[in-house]
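Residue numbers (the working numbering), protein chains in the order written: chain A, 50 to 228; chain B, 50 to 228; chain C, 50 to 228.
Every residue gets a Cβ at the ideal spot worked out from N, C-alpha and C, and that includes glycine.
Below: the structure, in structure tokens.
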Amino acid sequence: MEDIKIGIITSSDRASSGIYKDVSGPAIEEYFKNRLVNHISFEYILIPDEQSEIENALIKLSDEHQCCLICTTGGTGPALRDVTPEATESVCEKMLPGFGESMRFESLKFVPTAILSRQTAGIRGKCLIINLPGKPKAIAECLDAVIDAIPYSIDLIEGPYLEFREVFGPAFRPGKKKK
Amino acid sequence: MEDIKIGIITSSDRASSGIYKDVSGPAIEEYFKNRLVNHISFEYILIPDEQSEIENALIKLSDEHQCCLICTTGGTGPALRDVTPEATESVCEKMLPGFGESMRFESLKFVPTAILSRQTAGIRGKCLIINLPGKPKAIAECLDAVIDAIPYSIDLIEGPYLEFREVFGPAFRPGKKKK
Amino acid sequence: MEDIKIGIITSSDRASSGIYKDVSGPAIEEYFKNRLVNHISFEYILIPDEQSEIENALIKLSDEHQCCLICTTGGTGPALRDVTPEATESVCEKMLPGFGESMRFESLKFVPTAILSRQTAGIRGKCLIINLPGKPKAIAECLDAVIDAIPYSIDLIEGPYLEFREVFGPAFRPGKKKK
């Protein structure tokens, strides 16, 4: 069983200036601790909604810290200060539009405003980057919509071998036997 | 209750040269009059399928006329003269892919050729721009797929406060009480 | 009844170097022979996962051979060598995002990793280009999701008139009588 590193980036003007406490970052950490049997080191960065700061955080966590997965939270809406998808696209070599589609489609079951989310996902080197919404309740909904594709995705980019806890059943890997 | 301005751009070589009468523009006007309780001034532009003319019309209606919403009709297909999505993307600061996804998904219930539509949506300043199909029947189908997200979207870009007529129930605004 | 030309491009490092036999290309040929009543000439190119080679093959089949439709197979995933969508986008004048959305949505009924596919479609001149997955089983699933929109799409770009075999019913053409 491999140890893995997951990066979490909370981009929020208000949380980063101390106006409120970030609860979205911890919600992501909780989700993966609960789901994966691998030992996980979390790298956590809290920044304002500045595109260049988000880009630098993504590069640091993927290149320096060698996270196999980075989840961002916040900054995916239509407002002027929402720039997380732009930062993601600018540092990724490949975009994976299916993640955004599936997360919006799932969120639409809960709120009609799900179509306003511009969240996406992409690949930088051996790191999968996924944008999650800012609202803690929506984080688990969105991760549930894509979690079954994450381990195989990380296999394909030659990252570590992620395994689900037994209660969730084995992670889906097409045409492969479980290790 | 705020008065609002909505722009309507019909891009059609044939309608703009008088070969037939534009019925799509009036269908959009009818839809919003029926749905919103706000008093609405409509700004209406009829042009041929030329990218630069569509761009100029979008800029004029958003920047000069300060429309909070512009709906285009026509020019979203795969044909050579279909250039409305390109014009939209070139004047918007942010794209909202969820609108196109949801409108195509809804239209697919009626016609299998819905996947040919390249319609999208985006933000320019304080204006939400939405591409609608050219066929009048499909306009209401597509607007029905996204209308519940429009008022909150315009809140987020600091536009006016849109309200639905009572028969439709209050417009959805996550985490906010009705004004 | 018009004769038509369909191009098939298999991009696969392993199949093109002879490590295994390409079965995806023949699966596409089989699908269209079975579905269309038109006489079809197939142009078939097998190449490694190199973006420039895929681009050259797309240009050759659309411009020189005047295929009305090209289907690629392979190279749509998140791995480093998967570059077919990039090659497609770089030679197309217009992208048709609805094809990728619909194919992913359909594939999701079979495997949760469908969201990893970056497959798309676009128009180059009078040629419709569609990316299909590399796995033969997934090819028919994806084509089934979009086949009903293909004849009308080729009408709109002024290509030949495609007709389905009687068992499939007439191809959908909105507002048009069957020829």
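Distance between residue j and residue i (C-alpha atoms, nearest Å)
i	j	result
lysine 228 of chain C	glycine 218 of chain C	Note on lysine 228 of chain C: pLDDT 43, under 50, position unreliable in the model; the coordinate value appears next. The alpha-carbon atoms of lysine 228 of chain C and glycine 218 of chain C are separated by roughly 14 Å.
asparagine 87 of chain C	glycine 56 of chain C	15 Å
glutamate 212 of chain C	aspartate 197 of chain B	40 Å
histidine 114 of chain B	leucine 85 of chain B	20 Å
lysine 158 of chain A	isoleucine 172 of chain A	28 Å
valine 140 of chain C	serine 65 of chain A	43 Å
serine 60 of chain C	serine 60 of chain A	39 Å
alanine 189 of chain C	glycine 149 of chain C	14 Å
asparagine 180 of chain A	threonine 125 of chain A	8 Å
isoleucine 199 of chain C	arginine 214 of chain C	14 Å
alanine 194 of chain B	isoleucine 68 of chain C	48 Å
glutamate 79 of chain A	serine 156 of chain B	39 Å
lysine 109 of chain A	lysine 70 of chain A	23 Å
isoleucine 103 of chain A	alanine 76 of chain A	19 Å
asparagine 105 of chain B	glutamate 207 of chain A	48 Å
Neighbour list for residue i in chain B, Cβ cutoff strictly below 9 Å
i	result
arginine 153 of chain A	Pro146, Gly147, Glu150 and Ser151
isoleucine 206 of chain C	Pro127, Ala128 and Leu129
Interface residues of chain B facing residue i [CB-CB closer than 7 Å]
i	result
valine 195 of chain C	Ile164
Closest residue to residue i among the options (Cα-Cα distance)
i	options	result
isoleucine 96 of chain B	B:Leu107, B:Val86, B:Lys143 and B:His88	B:Leu107
valine 216 of chain C	C:Ala163, C:Tyr201 and C:Asn83	C:Asn83
serine 72 of chain B	B:Tyr93, B:Glu155, B:Asp112 and B:Gly171	This sequence places valine at residue 72 of chain B; serine is not what is there. The residue with the shortest Cα to Cα distance from valine 72 of chain B is B:Tyr93.
leucine 118 of chain C	C:Glu142, C:Phe91, C:Glu102 and C:Pro146	C:Phe91
leucine 145 of chain B	B:Leu157, B:Phe81, B:Asp52 and B:Gln168	B:Gln168
glycine 183 of chain C	C:Asp131, C:Glu138, C:Ser101 and C:Pro200	C:Asp131
cysteine 120 of chain C	C:Gln100, C:Ile58 and C:Lys143	C:Ile58
cysteine 191 of chain A	A:Gly123, A:Arg173 and A:Pro223	A:Gly123
glycine 174 of chain C	C:Ile89, C:Ile53, C:Cys116 and C:Ser65	C:Cys116
methionine 50 of chain B	B:Leu165, B:Ala128 and B:Pro209	B:Pro209
glutamate 142 of chain B	B:Ser111, B:Glu155 and B:Ala189	B:Ser111
aspartate 98 of chain C	C:Gly149, C:Ile77 and C:Thr137	C:Thr137
leucine 53 of chain C	C:Ile89, C:Asp62 and C:Ile68	The question names leucine, but residue 53 of chain C is isoleucine in the sequence shown. With distances taken between Cα atoms, isoleucine 53 of chain C lies closest to C:Ile89.
isoleucine 203 of chain C	B:Leu129, B:Lys70, B:Glu102 and B:Ala194	B:Leu129
aspartate 62 of chain C	C:Ile77, C:Gln100, C:Glu78 and C:Glu79	C:Gln100
Under 8 Å by beta carbon: chain A residues contacting residue i
i	result
phenylalanine 81 of chain B	Here the premise fails: no neighbours, minimum Cβ distance about 17 Å.
valine 160 of chain C	Phe221 and Pro223
arginine 167 of chain C	Lys143, Met144, Leu145, Pro146 and Gly147
Neighbouring residues, chain A, relative to residue i (Cβ below 7 Å)
i	result
isoleucine 172 of chain B	Pro127
Contacts of residue i in chain B (Cβ-Cβ under 8 Å)
i	result
alanine 198 of chain C	Pro161, Thr162, Ala163, Ile164 and Leu165
Beta-ladder partner(s) of residue i, from DSSP
i	result
leucine 181 of chain A	A:Thr122
phenylalanine 213 of chain A	A:Leu85
leucine 95 of chain C	C:Thr59
arginine 173 of chain B	B:Cys176
methionine 144 of chain B	B:Gly171
lysine 54 of chain B	B:Ser90
Proximal residues of chain A, C-beta to C-beta of residue i below 9 Å
i	result
serine 202 of chain B	Gly126, Pro127, Thr162, Ile164 and Leu165
Supposed contact pair residue j and residue i - C-beta distance, whole angstroms, cut 8 Å
i	j	result
alanine 170 of chain A	leucine 177 of chain A	7 Å
proline 134 of chain A	leucine 205 of chain B	Contact doesn't hold; Cβ gap of about 15 Å is too wide.
phenylalanine 221 of chain C	proline 161 of chain B	5 Å
cysteine 147 of chain B	arginine 153 of chain A	Per the sequence shown, residue 147 of chain B should be read as glycine rather than cysteine. Indeed, because the Cβ distance is near 5 Å, the residues count as touching under 8 Å.
tyrosine 201 of chain A	proline 223 of chain A	7 Å
isoleucine 164 of chain B	serine 166 of chain C	Incorrect: roughly 15 Å between the Cβ atoms, too far for contact.
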